[in-house]
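Taking it in order: structure first as structure tokens, then the write-up.
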Amino acid sequence: MFKAFMIVLLTLGWSGQALADDDVGPRWGWGQGPGPGMMQRLGAIDINDDGMISDDEAAAQVELVFAAMDGDDDGELTEDEYLSVRMGPGRGFNEARQKIMQERKKTRFAQMDPDKNGKVSKAEFMVAGKARFEAADTDKDGRVTPWEFRAQHRNSM
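Following this line, the structure appears as structure tokens:
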């Protein structure tokens, strides 16, 4: 369980990006921006170590992220559960940045809740994760390469 939790922490920046925090402006350091930390996140998702993220690996990661966010294990995310998860390594606290991130997360939560019942089911969360994977898979071969992975993150900065 601890390993799964650590994988979720390392990788929320990608699979949860549309589902959680976006990068706001250039960030530098471990796990931030397009540097080595980004590739650590890719490596944590890449279960078979082939240097790419398959659709199966991405789906498994989105399931892990959902499970980590679903604090009461009821199979649905409330806005509070979704907003309470803070992404990134947490070096220093920037109140203005956190406010921007929370507003973006509120917008994404609303987008993931098409029936507007105030909750995001696992199925709705998976649909959002699949859309994020498909957007990253620019050549539509069912895999996200390091190039596609980095391009997706640079476009969201």
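Residue numbering for the sequence shown follows the numbering used here, beginning at 1155 and increasing consecutively. Don't be surprised by glycine CBs; every beta carbon is placed ideally from N, CA and C.
Query	Result
If distances are taken between C-alpha atoms only, which option among SER1238, ASP1293, LYS1270, PRO1268 comes closest to GLN1256?	SER1238
Do GLU1278 and ASP1295 count as a contact pair if the criterion is CB distance below 8 Å?	no
What is the residue span of the beta strand (DSSP E) that VAL1274 lies within?	1273–1275
Quickly, what does DSSP pair GLU1230 with across the bridge? List them, please.	SER1275
Does any CB atom of chain C fall closer than 8 Å to the CB of GLN1256?	The structure shown contains no chain C; it is built from a single protein chain.
If distances are taken between C-alpha atoms only, which option among SER1208, ILE1199, THR1232, GLY1205 comes closest to GLY1272?	THR1232
Measure the CB-CB distance between LEU1196 and PHE1303 and report whether it falls below 8 Å.	yes
Are the beta-carbon atoms of SER1275 and GLY1225 separated by less than 8 Å?	no
List the endpoints of the continuous alpha helix (DSSP H) containing ASP1210.	1209–1223
Let's test the definition: count the other Cβ atoms within 10 Å of the Cβ of GLU1249 and tell me whether it reaches 16, buried, or not, exposed.	exposed
Helix, strand or coil for VAL1281? Go by DSSP, reduced to three states.	helix
Helix, strand or coil for ARG1240? Go by DSSP, reduced to three states.	coil
Could you tell me the boundaries of the alpha helix (DSSP H) in which THR1292 lies?	Element bounds for THR1292: n/a, residue is neither H nor E.
Buried or exposed, going by whether 16 or more other CB atoms sit within 10 Å of the CB of ASP1291?	buried
Going by the C-beta, is ARG1195 closer than 7 Å to any heavy atom of the ligand SAH?	What this structure holds is no ligand at all, so the ligand SAH is not there to describe.
If you draw a straight line from the C-alpha of VAL1216 to the C-alpha of ALA1222, how long is it?	10 Å
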